[in-house]
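These protein sequence lines map, in sequence, to chains A and B. Note that the first sequence covers residues 14 to 400 in this note's numbering. Note that the second sequence covers residues 897 to 1273 in this note's numbering.
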Amino acid sequence: MTVFKTILKIAKRDWMTILVYFIVFACFGSLSARGNAQKENETYQDERMEVAVIDHSRSTISKGLIQSLRKTDKVLTPNTEDLTELNDDVRFDIYDYVLILPEDFEEEVKAGKKDAAEYLSGGESICGHLMTEKIRLYLQDVVLYLKSGYSTQEAVKGAGEAILASSHVKSEILSEVKTGESTYLSGIFRFSSYALMMLLTEVIGTILGNIRHSDVRRRIAVSGTSFRKRNIAFYGAVLVVSVLMTGLLIAFVLLASIGDPEYGKIPYYILNEVAIMVCGIGIATTISSITTDSSLISMISNTAVLSMSFLCGIFVPLEVMSQKVLVVSHFLPMYWFAKGIQYINDHGVDAVMSSTFYSYLGIQVLFGVGFFMIGLIIFKKKELYAV
Amino acid sequence: MFCHIFLYRIKELLRNPWHLAWNLIFPLGLATAFFFGFGNLIKDDPEQFTTIPVGYVKEADQPFDQVLTALSKDRKDPILKVSEYKDEEEAKKALRDGDTKGYYIQKGEEISVVVGRNGVTSTTLHQILKEYENQKRVLETIGKKHPEKIADAVKTMEKGQEFLRPHVFNKYTSVYMNYFYSLIAMASLYGSWLATTMLSGISANMSERGKRFESAPVYKMTSLFAGILSTVLLQGIFNGILVFYIQYGLHLSFGVPIWQVLMVTTVGGAMGITIGVFIGALVKKRGLQMAFSLAVSMVTSFLSGLMWGEIRQIIESHIPVINRINPAAMLTGCLYNLGNYGLTKNFYRDLYSMVILTVTLLLVSVAILRRRNYDSL
């Protein structure tokens, strides 16, 4: 029991590290998961885009255009007219599109000018193309009515009605297609792997580093407690600390996602989390066998975990990563964790438990055991040669 | 004396392997991980418009065929790549297999679209159908009141009149470069560790060496300024190596002459050092100094976009004051504006903010440190 309590005491001394990573996870993990979450729909819905409109014209046509856009998209008035700031807003997805209608907009449209208005769309994006086409269609309708002898008021009304009537065309979603929209739960659990790996490698690494300190080792060697009893207490305490830290992160997710439609999938996400926990313990064992210096443990942990997070689809989605990098990612445990998350996200509650999912869990556990063994071997060799 | 202390501070810091590891090797390693993680996105923008593969199941010839034909021809990057299918089952299979993003299907007079998921691509396919229906309706309406104008209207429609022009800025670097700017900001703020180590070496309450140092007949300000200058020089060199590595090792362009980037990162390095001096002046425990330095650099770097690229812009549009006081966001903003818009007012705003913050923190720290006396140690 003494060994067990000592390990818990060493872990308690690291409360600041635990707190920092928990706050990072709770604030930033939650924030990015909410920001990236997408809704999964079974019925077709037009993508509502956020369009910032600066209307200097305030003419009949510009008002009609804005009214028409409001029916299908979210029209906003930006709080700045600085073009570089608006451009940054589009590039970083604050708005999908910025439309600038100059004072002489109506006259320019009537004159059939090609540059009656300006827009910002962040390069040649698909959103930009779609919005430009929507606006072009409306203005073309107005011009057609005007050329056919209608008044401006009638043309604007007619164009609005034509756009509204055409929006009833039939569109459906083929339900059998795998959609793979990222949900809040998949996002937060994906981010949790970064926080958990950092916690495990830093805290468990420090515990192991402390116990493996040469002076402590000598004192342990002369103690009366049996080797078996001491090791059971030692690894038992390490496991308890790991489970507590994992539990802390999971408890936060459970509270933060109450009412989430995907809540039923939580047991599978937890299973995946437990698998990466085993891996984290293994990696911590390896790191602490290399050094007992807490600064070096921290540096190796940061380098290893942050690099893996970027290479394995934790911070960057796997689907946008280059194929060459993904080949290398297969040899890293966090890749299989990310694959597990993706698998749970893409499948229904009843379809998750399959050989594929088991294989993802198994690979993570195998990585964990492998790292654990490597750590023990390095430690034994160092002990043997008194390094 | 100044030069002597300056040289020995540099020697002392360079002989500390942890500083080399944290301030130089760690940022280089992270830049490499960034490059492998999303370097391809910097070269090929994933949001760039690409031709949409779509299926078409038709029963008989209709004017809609011409619409699809027109959209799949006539330009360098056509909007659609149309594949015709004999029946709906074939079209469904292609959609399920990911060969198409959706398919149009004729059922009598009615044409509908089937897609795999909601999103911008599906909305574009839906919009094409809407345009077709819209044009039919407009021609019907005009035909009822002014049948003589129908021919002109059809001509105008076929021509496809344009009304909008894009506002294009002179230069652009990929938005993903923002991660690298934040990384440089993080590396600069890691300079605060160099500064706290330097301070502990000259503070009698921090180390044995500090006690010996403060007993020597040297002006405190001379040793402090020599120490600060040596750390600024070291951090400037570390930042320079990182910038060179990104530009020439990873072949990711900053979009401006490299000397301009180096000037900005050197100011950033000096800012990181003065933050460290300020922390060192306020906090008297070595462990807490490290914890504060780590917390400041990690939190501010996150808020500048180190782990989530959009966050700096989200803050800019909702609570811009945070970006005005966040040192990492200042440096990131400075590099971003320099690379994308050149020497604009936003660039100078961030540059001057960094200089003002550096000078203010330095003056406050000096005021705290010059009055420090010890009754007992």
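Think of the CB as a built atom: it goes at the ideal place given N, C-alpha and C, for glycine as much as any other residue.
Taking the alpha carbon of residue i as the reference point, which residue from the options has its own alpha carbon closest?
{"i": "A/Glu-7", "options": "A/Asp-128, A/Phe-105 and A/Tyr-108", "result": "Not covered by the structure: residue 7 of chain A. The range shown for chain A is 14 to 400."}
{"i": "B/Val-1064", "options": "A/Leu-99, A/Leu-44 and A/Ile-139", "result": "A/Leu-99"}
{"i": "B/Thr-1161", "options": "B/Glu-1027, B/Asp-957 and B/Ile-1133", "result": "B/Ile-1133"}
{"i": "B/Thr-1196", "options": "B/Tyr-1077, B/Val-1010, B/Leu-924 and B/Gly-994", "result": "B/Tyr-1077"}
{"i": "B/Glu-1005", "options": "B/Ala-966, B/Lys-997, B/Ile-1171 and B/Asp-961", "result": "B/Asp-961"}
{"i": "B/Ala-1225", "options": "B/Gly-1183, B/Asp-1246 and B/Ser-1018", "result": "B/Asp-1246"}
{"i": "B/Ser-1096", "options": "B/Leu-1239, B/Val-1016, B/Glu-1027 and B/Met-1186", "result": "B/Met-1186"}
{"i": "A/Met-14", "options": "A/Ile-245, A/Met-347, A/Ser-270 and A/Ile-357", "result": "A/Ile-245"}
{"i": "B/Ile-975", "options": "B/Ile-1038, B/Leu-1259, B/Glu-984 and B/Leu-964", "result": "B/Leu-964"}
{"i": "A/Ser-308", "options": "B/Leu-903, B/His-900 and B/Phe-922", "result": "B/Phe-922"}
{"i": "B/Met-1053", "options": "B/Arg-1033, B/Asn-1066 and B/Lys-1040", "result": "B/Arg-1033"}
{"i": "B/Glu-1212", "options": "A/Glu-60, A/Lys-87 and A/Thr-97", "result": "A/Thr-97"}
{"i": "B/Lys-1026", "options": "B/Lys-1180, B/Thr-996 and B/Ile-1007", "result": "B/Ile-1007"}
{"i": "A/Asp-59", "options": "A/Ser-184, A/Ile-36 and A/Gly-77", "result": "A/Ser-184"}
{"i": "B/Leu-1231", "options": "B/Lys-1051, B/Lys-1040, B/Ala-1049 and B/Val-1157", "result": "B/Val-1157"}
Given that a residue counts as buried once 16 or more other Cβ atoms are within 10 Å of its Cβ, and exposed if not, what is residue i?
{"i": "B/Tyr-1115", "result": "exposed"}
{"i": "B/Val-1217", "result": "exposed"}
{"i": "B/Gln-1023", "result": "buried"}
{"i": "B/Gln-1031", "result": "buried"}
{"i": "B/Phe-898", "result": "exposed"}
{"i": "B/Phe-1043", "result": "The amino acid occupying residue 1043 of chain B in the given sequence is Pro; Phe does not appear at that position. Exposed, because fewer than 16 other Cβ atoms sit within 10 Å of the Cβ of B/Pro-1043."}
{"i": "B/Val-1010", "result": "buried"}
{"i": "A/Ser-227", "result": "exposed"}
{"i": "A/Ala-364", "result": "exposed"}
{"i": "A/Cys-40", "result": "exposed"}
{"i": "B/Val-1255", "result": "exposed"}
{"i": "A/Met-29", "result": "exposed"}
{"i": "A/Gln-336", "result": "exposed"}
{"i": "B/Ile-1252", "result": "exposed"}
{"i": "A/Gly-326", "result": "buried"}
{"i": "A/Arg-104", "result": "buried"}
Here's a check: name, in chain order, each residue in its chain whose Cβ is nearer than 6 Å to the Cβ of residue i, leaving out the five neighbours to either side.
{"i": "A/Phe-247", "result": "Val-16"}
{"i": "B/Ser-1261", "result": "Val-1173, Phe-1174 and Ala-1177"}
{"i": "A/Asp-154", "result": "Ala-172 and Ala-175"}
{"i": "A/Val-266", "result": "Ile-201"}
{"i": "A/Ile-23", "result": "Ile-220 and Asn-223"}
{"i": "A/Asp-306", "result": "none"}
I need the DSSP call for residue i, collapsed to helix, strand or coil.
{"i": "B/Ala-1100", "result": "coil"}
{"i": "B/Gln-958", "result": "coil"}
{"i": "A/Val-329", "result": "coil"}
{"i": "A/Gly-237", "result": "coil"}
{"i": "B/Val-1009", "result": "strand"}
{"i": "A/Leu-99", "result": "helix"}
{"i": "B/Tyr-952", "result": "strand"}
{"i": "B/Lys-977", "result": "strand"}
{"i": "A/Lys-183", "result": "coil"}
{"i": "B/Gly-1238", "result": "coil"}
{"i": "B/Leu-1146", "result": "coil"}
{"i": "B/Arg-1268", "result": "coil"}
Skipping 5 residues on each side, what residues in its chain have a beta carbon closer than 8 Å to that of residue i?
{"i": "B/Lys-977", "result": "Thr-947, Ile-948, Pro-949, Val-950 and Ser-968"}
{"i": "B/Val-1152", "result": "Leu-1234, Gly-1235 and Gly-1238"}
{"i": "B/Leu-910", "result": "Leu-916 and Leu-1130"}
{"i": "A/Val-287", "result": "Thr-259"}
{"i": "A/Leu-159", "result": "Lys-123, Thr-165 and Ala-168"}
Kindly give me the distance between the Cβ atoms of residue i and residue j, rounded to whole angstroms, as I take these residues to be in contact under 8 Å.
{"i": "B/Arg-1266", "j": "B/Ser-1126", "result": "Actually they do not touch by this definition, with Cβ atoms about 19 Å apart."}
{"i": "A/Leu-339", "j": "A/Leu-331", "result": "7 Å"}
{"i": "B/Ser-1193", "j": "B/Leu-1120", "result": "Incorrect: roughly 22 Å between the Cβ atoms, too far for contact."}
{"i": "B/Ile-1001", "j": "B/Ala-987", "result": "7 Å"}
{"i": "B/Met-1167", "j": "B/Met-1250", "result": "5 Å"}
{"i": "B/Tyr-1072", "j": "B/Leu-924", "result": "Wrong, their Cβ atoms sit about 18 Å apart, outside the cutoff."}
{"i": "A/Asp-102", "j": "B/Gln-1057", "result": "That belief does not hold up - the Cβ atoms of A/Asp-102 and B/Gln-1057 are roughly 29 Å apart, past 8 Å."}
{"i": "A/Ala-124", "j": "A/Leu-112", "result": "A/Ala-124 to A/Leu-112, Cβ: 19 Å. No contact."}
{"i": "A/Leu-198", "j": "A/Asp-273", "result": "6 Å"}
{"i": "B/Thr-1069", "j": "B/Ser-1149", "result": "7 Å"}
{"i": "A/Ser-322", "j": "A/Met-347", "result": "7 Å"}
{"i": "B/Val-953", "j": "B/Asp-993", "result": "In fact, because the Cβ distance is near 16 Å, the residues do not count as touching under 8 Å."}
{"i": "B/Phe-1059", "j": "A/Leu-133", "result": "Not confirmed; about 16 Å, so no contact."}
Within a Cβ cutoff of 7 Å, which residues of the same chain sit near residue i, ignoring the five residues on either side of it in sequence?
{"i": "A/Ile-31", "result": "Leu-212, Val-216 and Met-258"}
{"i": "A/Gly-42", "result": "Ile-201, Phe-204, Ser-205 and Ala-208"}
{"i": "B/Gly-1165", "result": "Ser-1084, Gly-1087, Val-1128, Gln-1131, Gly-1132 and Asn-1135"}
{"i": "B/Thr-1093", "result": "Leu-909, Asn-912 and His-915"}
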